[in-house]
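Following: one structure in structure tokens, then a few remarks.
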Amino acid sequence: MSKSSLFTDVPRRSLISGTAAVAMPFAALAMVSSFLTGCNTISSIPVSRVPGEILAAERKNDFIDISMLRLRQDPPEVYLLGPGDVLGVYIKGVLGNEEELPPVHFPEDSNRPPAIGYPVPVRADGTLALPMVDPIQVEGMSLVEATKAVRNAYTYPRMIIKEGEEQIIVTLIRERKIRVQVIREEGGGLNGVSKRGTGHVVDLPAYENDLLHALSETGGMPGTDAKNEVMIYRGMYDDGMNADVILDDLCHAQCQDQCVDPCFCDERPIPDPPYVTRIPLRYNPANPPTFTKEDIILNEGDIVIIRSRDEETFITAGLLGGGEYPLPRDKDLDIIGAIALAKGSLGSSGSGIGAIGGGGGGGFGGGGTRQQACQPSEAVVVRELPCGNSIAMRVDLKKALEDPSQRILIKPNDVVILRYTITEEVGNVLINMFQINYLLGSGLGRN
């Protein structure tokens, strides 16, 4: 290598590295200036200044499961007859030949003994229709009492069968059943899964026609993708149509007559129509449910509905990336938990110096974004208001980690946006430019 070429080569290297060292900070400042003047940010207010009625949420952590005993009716000491029961009746010489033995019926349910006699249903008015006598009222009687009533009918006032010679047997061939419909909307709508549901027509035996048995016959208690309540619809078509008209009128008149603040008037719950009974499966001990035993007993034609929680979700944006996540059913979810649920790591595992060498610790950033020296510490929760508007609430995540009062609870349809503060954005740009300059200078120094 000639002396002249060596002389000209050294200053060229110095010139390149020196120019980069000077130009890079100015380029970083230009980028920051462009960022500050060209980007539109969401206007938000600190969460500490948000009215309490907007932040208020029912604490799920305080709820407890309802006792299973409240979902069933008490089993009777003895079976009492009613319309729909089929009895086995044998009356020697009247209902059955003297030369033949009475027929025997073996039930499908092995828990009950075989029945003897000819099948006779209990009619809708609670009576038995037997030969040669007036209808015999047996509704509300036990089998022993029904046998005595049949014996009396054939011996008094007319002595059709001589007293002392009667041979009468009354047994239960088939117990009455109550047919209800159970509709379950579980398993739908969350995380892009299309809503699916199942419908069941269930015949419940007498004294098992309650909510607990209906749920047991159709899959058990509702899962976590279903609401923590069961709705029972009773009545006929006209009942539902009339109630819809009344509720529509009530909804229109509610804000016009009684609301001081029209923006919050829609938060008052509209009462259920009279044909609907809600049975909560979890409740706040401070407000125990007030339903009665009659409310959980099902009648012919009742409809049991378990609603899906497909609308109980929140949306993520910003550094968390776009996504939709279901809210937990049985526990509270605050802003810290929402970020963790959306795969955003919490805290910082380094000082940020490692980012200069291409490393960098974890932080609030998530959603597959490149780690930065300065991690985002600001979140914005956009919440819909009942009047149709929305409010953006700003949360300082550093304060929220230390102060539980800053951890706003997430509600359905909230939008959680994770972002950098201006200081963090400037710091990341400067450190990234310094890293590029450092790497460029190191590479040129080896050539």
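Under my numbering, read the sequence shown as residues 18 to 464, first letter to last. For every residue, glycine included, the Cβ atom is placed at its ideal position computed from N, Cα and C. Bear in mind the structure is a predicted one, so any value in this text is a computation, not a measurement.
Proximity of residue i and residue j at Cβ, strictly below 8 Å
i, j, result
"Asp413", "Glu441", "no"
"Gly157", "Leu98", "yes"
"Thr172", "Ala132", "no"
"Ile59", "Val397", "yes"
"Ile353", "Arg424", "yes"
"Ile249", "Val321", "yes"
"Val433", "Ala355", "yes"
"Pro297", "Pro288", "no"
"Leu350", "Ile448", "no"
"Ala141", "Pro93", "no"
"Ile185", "Val197", "no"
"Val139", "Asp102", "yes"
"Glu203", "Asp242", "yes"
"Arg201", "Gly181", "no"
"Glu317", "Ile195", "yes"
"Gly335", "Ala359", "no"
Residues bridged to residue i (per DSSP)
i, result
"Asp319", "In the DSSP output, where bridge partners are listed per residue, Asp319 has none listed."
"Val9", "Any answer about residue 9 is impossible in this case: the structure gives the chain only from 18 up to 464."
"Lys194", "Pro222"
"Tyr254", "In DSSP, Tyr254 forms no bridge with anything."
"Tyr342", "Phe331"
"Gly216", "Ile200"
"Thr188", "Gly105"
"Thr235", "In DSSP, Thr235 forms no bridge with anything."
"Thr144", "Gln154"
"Asp227", "Ile314"
"Val121", "Ile133"
C-alpha gap between residue i and residue j, whole angstroms
i, j, result
"Pro343", "Ile190", "50 Å"
"Lys244", "Arg326", "6 Å"
"Gln392", "Asp420", "19 Å"
"Gly236", "Glu117", "47 Å"
"Thr333", "Leu435", "8 Å"
"Thr330", "Asp431", "8 Å"
"Ile323", "Leu232", "10 Å"
"Arg251", "Met410", "43 Å"
"Val121", "Lys109", "15 Å"
"Asn78", "Asp347", "7 Å"
"Val106", "Val137", "7 Å"
"Gly444", "Met450", "10 Å"
"Thr164", "Val218", "34 Å"
"Ser61", "Ile314", "51 Å"
"Leu104", "Thr294", "34 Å"
"Asn128", "Glu192", "13 Å"
"Asn304", "Phe80", "10 Å"
"Leu300", "Asp82", "Residue 300 is actually Tyr in this sequence, not Leu. So the two alpha carbons sit approximately 7 Å from each other."
"Tyr437", "Pro239", "41 Å"
"Leu32", "Pro429", "Model confidence at Leu32 stands at a pLDDT of 36, short of 50, so the residue's coordinates are unreliable and nothing is read from them."
"Met149", "Val155", "17 Å"
"Leu337", "Pro68", "27 Å"
"Gly216", "His230", "16 Å"
Where residue i sits in the DSSP three-state scheme
i, result
"Lys360", "coil"
"Leu97", "coil"
"Met149", "coil"
"Gly69", "helix"
"Ala74", "coil"
"Gln154", "strand"
"Ser325", "strand"
"Pro136", "strand"
"Ala409", "strand"
"Ile59", "coil"
"Val103", "strand"
"Gly444", "helix"
"Arg400", "strand"
"Pro112", "Checking the sequence, you will find Leu at residue 112 rather than Pro. In the structure shown, Leu112 sits in a strand (DSSP, three-state: E or B)."
"Arg168", "helix"
"Asn449", "helix"
"Ile434", "strand"
"Gly209", "Residue placement at Gly209 cannot be trusted, given a pLDDT of 45 that sits under 50; the coordinates are not used to answer."
"Ile353", "helix"
"Ile313", "helix"
"Ile81", "strand"
"Leu426", "strand"
"Glu395", "strand"
Residue i at chain B interface by Cβ criterion, 8 Å
i, result
"Val321", "Here there is only one protein chain, and chain B is not present."
Fill in: Cβ contact (3+ pairs, closer than 8 Å) linking the segment 168-176 and the segment 78-89
no
Discussion item. For the segment 216-232 against the segment 145-154, do three or more pairs of beta-carbon atoms, one drawn from each stretch, fall closer than 8 Å, so that the two count as touching?
Written reply: no
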